[in-house]
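>
So this is what it looks like as structure tokens:
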């Protein structure tokens, strides 16, 4: 009897100690925010274009993490982002959902300044404050800050905003990969022909 | 002369021995290229930020004058290589593998080659290292070996690290190139002076000059120039790529520069021969970097040589100087055959990093054979001087597995091309690595940019939220103020004889105006003002026409009239004030007012006491505040409940108004929908339903208005029939026609007044009249057709 009581007491004591440790750890090592959402958000291209139907990249990341949104709704990220998301979340990569747009080369907004009437509508639409200007003053796009999200094009009342592909300069030019060579060893090829 | 102790030489892993082909260009010594007519000076001739132009088109500049200044720390200024006029600043041909253009300053030479004022330093030893470094920076010197890193930055890359070895790179291991060789042969004294300057700046324990043993003349010349100085000339066996910075350090010291690190991390600085020459020119002669020694070689040239060329000289000029045979030229390479790149245009200029121009014939630089599959022979790994795994890198580059490439230290690859050179399958391995590197760099840049955009987006969201909150707070404050004003006004209407002093703002405003003018007084005031105006006008006219007796006679009459009107108004005002002043009559309203004032004063003193007490009130203050609070409570309790009782009625009224407005809007919408689709019975029903709701809402509103004590606003309820698109359009047309007619009429009249030809105006008038009639008719017809529908 005594042994049983001792055993119960010992186990109870252990349970209390471990419970206390776990309780303390839960408070001490509490993770702020949602790490999965942040990880997904880090993979997304941060154009904040809203083509996925969410008001920005973070809401889409939250949608993927919590709302079971498919991972193929991000046209600016394209295949690379889908692949990265598939790797991160350990799901099958899907082809890009054409409903939300196509993958395009990176664009930047350009304001035809002679036509700008200074209405500030594009400034209000820009999610990253990349348009400079004031009421009744000419506006212009800060190219380095522009994410090419398209959001400024629609509100412009005089249609003076163009989306142009980012020009290639010696600074951002990339070396080409070599053209693919033959897949057969020369001597084998000769043997095959003979 | 013999070295005191022979220095130990280490070996580097890998490496190859390609045919040297150096003798072709060394036979003619060092020549000076002729002055070109036009120079193109790209703003980016170095690693780092593009230089910022400080001249404008049309400026005349002197040789050595600053054209563009460094833009940031890792950047390089640019100077005029000769005197002349700036003819353009904009994209111009640029020696780059991409063949793209780059921003450049174009200078038209005036042929006089006139120097600007130079400030040579006769004794650099009298200066500290900081001013000397600054002079090197301002002279626009970037590494002349090939990479073009700004020299001042490189010398001072790790200010906290003591530099114990200064390594001078006279290796020049690439085939064909002999620029450094030539410099050492003919400019050894200047080079040694450059070494002395660097020694003075850095105070290293040892200075080693590494020269490959295939340059015996250069070694001899350097040994002679060095003399008894503590500078060691170290010849070592020729092997490609000993001239790489990290490779040379390994050969001379046996130490390896850590992956991703700089030589300065292990206490060393490595400088190229050409750079030393430029340092000498900058300090001893005061000349900025405006020229360099460039090798012109290749089978397509009849006169291969080394020239001292001005930076910015078009390549075509130099090649013509060296006897270019255009028909034999197959490929033009800038740099050596191993690491150089093919130039797509001869219009591009020589820049600070251009050490060689190789004009190769088809036999000399044949197109690469078609790549075969890798047979995993491992020759590439044996040849790699950086001890990487070229084969693995190749597979991962093919699969674009960038993480794996980074794991295999792709960025330690110096792109020397040994692996491609030895590959029996002729796989262009280096090209894969270059492409992968630029791809990875682009991705990293993109990642960086995404992070940046995210930050900006989040900051913007925060700002918008802040603004919205501020707006909301402002709105609330305004609403509160309006409510208080309203309450004050109500208190004022309750006691109409005296303006309510409860709200100080109102009190002030009412005090400024002649308070409470009744209708009669207003009329008198207006009459007085009108009379005064008439008088003034008459006076003015008299001033303009002093001879008009009639006008003169009018003035006294008008003056009299004005005086009378003013008097009448004053009298009525006085009467009113007499009526108003017997103030404190014992009425219920006055009692309310007194109580209110009392409560307000108590509240104010409470607030003051609280503010004085701050966050940590003393005991005394606390007592005082407590007492005041009690008093306020008592005073508020004594106030009549009148205002509170009034409110619900108002709220009812408000709700009724809102309901009515909403019902009206719904009806309008329904009617509009119906106007466009006349035949839809569902819409018709909807309209009827909306109309019923509106009638009810209006009824409720009337009742609510009757219940409240507020005066019913006068209004006219118009029941505008909705109009359909077609009618609206016709009406708009009619209005426009009317406007056009009016305009035409006016111009006709003007023409008449000016006695001008009224023919055109008459025609216009007739035309617009016609248009007006047509529009009116169209509208009438349309309306009639709608009636009959």
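Residue numbers (this note's numbering), protein chains in the order written: chain A, 544 to 737; chain B, 527 to 1315. All residues carry an ideal CB built from backbone N, CA and C; glycine is no exception.
1) Between the alpha carbons of residue 765(B) and residue 913(B), how many angstroms are there, rounded?
2) Please list the partners that residue 596(A) has in chain B, where partner means a Cβ-to-Cβ separation under 8 Å.
3) Under 8 Å between C-beta atoms, does residue 892(B) make it to chain A?
4) Which residues does DSSP list as the beta-bridge partners of residue 575(B)?
5) Can you pull the DSSP bridge partners for residue 972(B)?
6) Am I right that residue 759(B) and residue 737(B) are in contact with their C-beta atoms under 8 Å? What's the rounded C-beta distance?
7) Quick check: residue 684(A) and residue 652(A), are their CB atoms within less than 8 Å of each other?
8) The stretch 559-580 of chain A: which residues have C-beta closer than 9 Å to a C-beta of chain B, in chain order?
9) Quick one, are the C-beta atoms of residue 607(B) and residue 817(B) less than 8 Å apart?
10) Spatial neighbours of residue 1040(B) within its chain, please: C-beta separation below 7 Å, excluding the five flanking residues on both sides.
11) Grouping DSSP H, G and I as helix and E and B as strand, with all else coil, what is residue 986(B)?
12) Residue 826(B) to residue 842(B), Cα distance in whole Å?
13) Taking the beta carbon of residue 634(A) as the centre, do at least 16 other beta carbons fall within 10 Å, making it buried, or is it exposed?
14) So residue 626(B) contacts chain A; which residues on that side make the cut at Cβ distance below 8 Å?
15) Measuring only between beta-carbons, confirm whether residue 691(A) sits less than 8 Å from chain B.
16) Starting from the C-beta of residue 685(B), find all residues in its chain whose C-beta is less than 8 Å away, skip the five residues before and the five after it, and write them out in chain order.
17) Expressed to the nearest angstrom, what Euclidean distance is found between the alpha-carbon atoms of residue 916(B) and residue 909(B)?
18) Would you identify the three-state DSSP class for residue 745(B), choosing helix, strand or coil?
19) Have a look at residue 906(B) and residue 886(B) and give me their C-alpha separation to the nearest angstrom.
20) By the 10 Å Cβ neighbour count, where 16 or more other Cβ atoms means buried, how is residue 798(B) classified, buried or exposed?
21) Tell me, please, whether the CB atom of residue 588(A) is closer than 8 Å to any CB atom in chain B?
22) Mind checking who residue 594(B) pairs with in its DSSP beta bridge?
23) Compare the beta carbon distance of residue 619(B) and residue 662(B) with 8 Å and say whether it is the shorter of the two.
24) Are at least three pairs of beta-carbons, each pair with one atom in the stretch 686-696 of chain A and one in the stretch 545-556 of chain B, less than 8 Å apart?
25) Whose C-beta lies closer than 6 Å to the C-beta of residue 1239(B) among residues of the same chain, with five residues either side of it excluded?
26) Output yes or no for whether 8 Å exceeds the beta carbon distance between residue 769(B) and residue 695(B).
27) Give me the residue from 896(B), 722(B), 859(B) with the minimum Cα distance to residue 754(B).
28) Leaving out five residues on either side along the sequence, give the residues of the same chain with a beta carbon under 6 Å from the beta carbon of residue 1150(B).
29) Are the beta-carbon atoms of residue 878(B) and residue 549(B) separated by less than 8 Å?
30) Is there a C-beta anywhere in chain A that falls below 8 Å from the one on residue 730(B)?
31) Note down, in chain order, every chain A residue with its Cβ under 8 Å from the Cβ of residue 622(B).
32) Are the C-beta atoms of residue 738(A) and some chain B residue less than 8 Å apart?
33) Measuring straight from C-alpha to C-alpha, what distance separates residue 1002(B) and residue 992(B)?
34) Within 10 angstroms of its Cβ, does residue 571(A) collect 16 or more other Cβ (buried), or is it exposed?
35) Can you check whether the C-beta of residue 601(B) is within less than 8 Å of a C-beta belonging to chain A?
36) Under a three-way DSSP split, which group does residue 548(B) fall into?
Working from what's here:
1) Each residue's alpha carbon lies about 16 Å from the other.
2) Within chain B, no residue comes near residue 596(A); the closest Cβ sits about 17 Å away, beyond 8 Å.
3) Judged by the 8 Å Cβ criterion, residue 892(B) is not in contact with chain A.
4) Residue 575(B) pairs with 601(B).
5) Answer by DSSP bridge pairing: none, since residue 972(B) is not bridged.
6) Rounded to whole angstroms, the Cβ separation of residue 759(B) and residue 737(B) is 7 Å, and the two are in contact under 8 Å.
7) In terms of Cβ geometry, residue 684(A) and residue 652(A) form a close pair [threshold 8 Å].
8) Of all residues in the stretch 559-580 of chain A, none has a Cβ within less than 9 Å of some Cβ in chain B.
9) Cβ distance < 8 Å, so residue 607(B) and residue 817(B) count as in contact.
10) With a pLDDT of only 47 at residue 1040(B), under 50, the local geometry of the prediction cannot be trusted, and the value read off the model is given with reservation. Within the same chain, and ignoring the five residues on either side of residue 1040(B) in sequence, the residues whose Cβ sits closer than 7 Å to its Cβ are 1099.
11) DSSP places residue 986(B) in the helix class (H, G or I) of the three-state scheme.
12) Between the alpha carbons of residue 826(B) and residue 842(B) lies a gap of roughly 13 Å.
13) Around the C-beta of residue 634(A), fewer than 16 other C-beta atoms lie within 10 Å, and the residue is accordingly described as exposed.
14) Result: 711, 712, 713, 716.
15) Answer no: the Cβ-Cβ gap between residue 691(A) and chain B never drops below 8 Å.
16) If we look at residue 685(B) and ignore the five residues flanking it on each side, it has no Cβ neighbours.
17) Approximately 9 Å, taken between the alpha carbons.
18) Three-state result, residue 745(B): helix.
19) Between residue 906(B) and residue 886(B), the alpha-carbon positions lie close to 26 Å from each other.
20) Burial call: buried.
21) True, the Cβ-Cβ gap to chain B drops below 8 Å.
22) Note: residue 594(B) sits in a beta bridge opposite 579(B), 604(B).
23) Judged by beta-carbon spacing, residue 662(B) lies beyond the 8 Å limit of residue 619(B), meaning their Cβ atoms are not closer than that value.
24) No contact exists between the stretch 686-696 of chain A and the stretch 545-556 of chain B.
25) Any reading at residue 1239(B) is ruled out, since the residue's pLDDT is 47, under 50, leaving its predicted position unreliable.
26) Result yes, Cβ atoms of residue 769(B) and residue 695(B) sit closer than 8 Å.
27) Checking every option, the nearest Cα to that of residue 754(B) belongs to 722(B).
28) The residues are 1135.
29) No, the pair does not count as a contact, with Cβ atoms beyond the cut-off.
30) Cβ-Cβ to chain A under 8 Å: no for residue 730(B).
31) Simply 713, 716.
32) Beyond the ends of chain A as shown, which are 544 and 737, falls residue 738(A); an answer cannot be given.
33) So the alpha carbons of these two residues sit roughly 15 Å apart.
34) Exposed, because fewer than 16 other Cβ atoms sit within 10 Å of the Cβ of residue 571(A).
35) It does not; no Cβ of chain A falls within 8 Å.
36) Correct three-state label for residue 548(B): coil.
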